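**Q** So the sequence shown is numbered by the numbering used here: it starts at 762 and just counts up by one. Sharing a structure with you now.
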Amino acid sequence: MVPLKKDIKLVRSLQQKKFRNEHQLFVVEGRKMVDEALTSRFKLHSLYSTDSAYHPDKCHHVTKKEMEMMSSLSTPSPYLAVLHKSPETEQWPKTLDTAVVIMDGIADPGNLGTILRTAEWFGINHVFCTEDCVELYNPKTVQSTMGSLFRVHVHYAAAETIIRYLQENNYKLNGADMKGTSLYEYRFTNKEAIVIGSESHGIRDTMRQALDDNYITIPRHGHAESLNASVATSIILSELYRQKLHQ
């Protein structure tokens, strides 16, 4: 199948949030990511490759120049897929009984993507994002998840809605903060909601009011001012998982 000019125009337009929202589509690039996309819960819209042997039954075969026109990467991959957004970003899980992570205003796409990878690594299946978090389908977020967005369920909502839902399900909200109980002294419960604040503002007032002074801190032994949000999440989830193993 040969791509039309309108196909190239559509794929290029999906680099912008406005058009991702308009078409309810997003782009995945790279052989590993595209292979995973094809077997994921996300519905395929179109598939492109410079590899003529790659899924010849459903793939638009393109030239290297055409792929460069479509790609958002500085070094384009030979494989690119356009997927329909998943409605799960708007749906709430019917049952929930394991630890979850809440992203409060995370603005950096690389951080969000890395946090989703980390969550999956430690067996976290649900991540909640306040409405002002960076978009899940931002190309930088998608690429930095390295495929975890196909398996981790991400839910966007107002902070108040997230708080109410988790409290109604008997979750304990606990915020990562510079001042709080040492991570290595805190004992996690099965229904733990870890709140990670934004890179520049930390946890905001709405979330803080719901935390009721429940904070955990990663002990500092050096002189660094702070930790990157994704690094802090990795350390916290590692300790949570360690405790789970020894229960």
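From the three backbone atoms N, C-alpha and C, an ideal C-beta is built for every residue, glycine too. Quantities reported herein were computed from a predicted structural model and do not represent experimental measurements.
Which residue wins for smallest C-alpha separation from A842, given the options R792, S943, T859?
**A** R792
**Q** Taking a contact to mean a Cβ-Cβ separation below 8 Å, would you say V862 touches V903 in this structure?
**A** no
**Q** What does a CB cutoff of less than 8 Å around E953 pick up in its chain, not counting 5 residues either side in sequence?
**A** A860, V861, Y932, K933, N935, L1001
**Q** Only counting the same chain, and skipping five residues up and downstream in sequence, which positions put a Cβ closer than 8 Å to that of A937?
**A** I955, V956, I957, G958, I964, Y976, I977, T978, I979, A993, T994, I997
**Q** If we ignore side chains and look at the alpha-carbon of each, how far apart do V823 and K901 end up?
**A** 23 Å
**Q** Taking F803 and L844 to be in contact with their CB atoms under 8 Å, please state how far apart those CB atoms are, rounded to whole angstroms.
**A** Contact between F803 and L844 holds, with the beta-carbon distance rounding to 4 Å and staying under 8 Å.
**Q** Below 8 Å on the Cβ atoms is my contact criterion, and I expect A868 with E960 to pass it. Report the Cβ-Cβ distance as a whole number of Å.
**A** 6 Å
**Q** For a cutoff of 8 Å on Cβ pairs, would you count L910 as touching chain D?
**A** This model lacks chain D altogether; it includes just one protein chain.
**Q** Please confirm whether any heavy atom of the ligand GTP lies closer than 7 Å to the CB of I955.
**A** Although the ligand GTP was asked about, the structure shown includes no ligands whatsoever.
**Q** In angstroms with no decimal places, state the Cα-to-Cα distance between K1005 and D966.
**A** 30 Å
**Q** Per DSSP, what are the beta-bridge partners of N865 in this structure?
**A** Inspection of the sequence shows that residue 865 is occupied by Asp rather than by Asn. DSSP lists G958 as partners of D865.
**Q** Just verifying my parser: in three-state terms, what is the DSSP assignment at Y976?
**A** DSSP places Y976 in the strand class (E or B) of the three-state scheme.
**Q** At what residues does the beta strand (DSSP E) containing E929 begin and finish?
**A** Taken as a continuous stretch (DSSP letters only), E929 belongs to no beta strand (DSSP E), being part of the alpha helix (DSSP H) at 920-929.
**Q** Tell me E797's beta-bridge partners as DSSP assigns them.
**A** E797 is not bridged to any residue.
**Q** Considering only the alpha carbon of each residue, which of L805, P817, I876 lies closest to N989?
**A** Comparing Cα positions, the closest option is I876.
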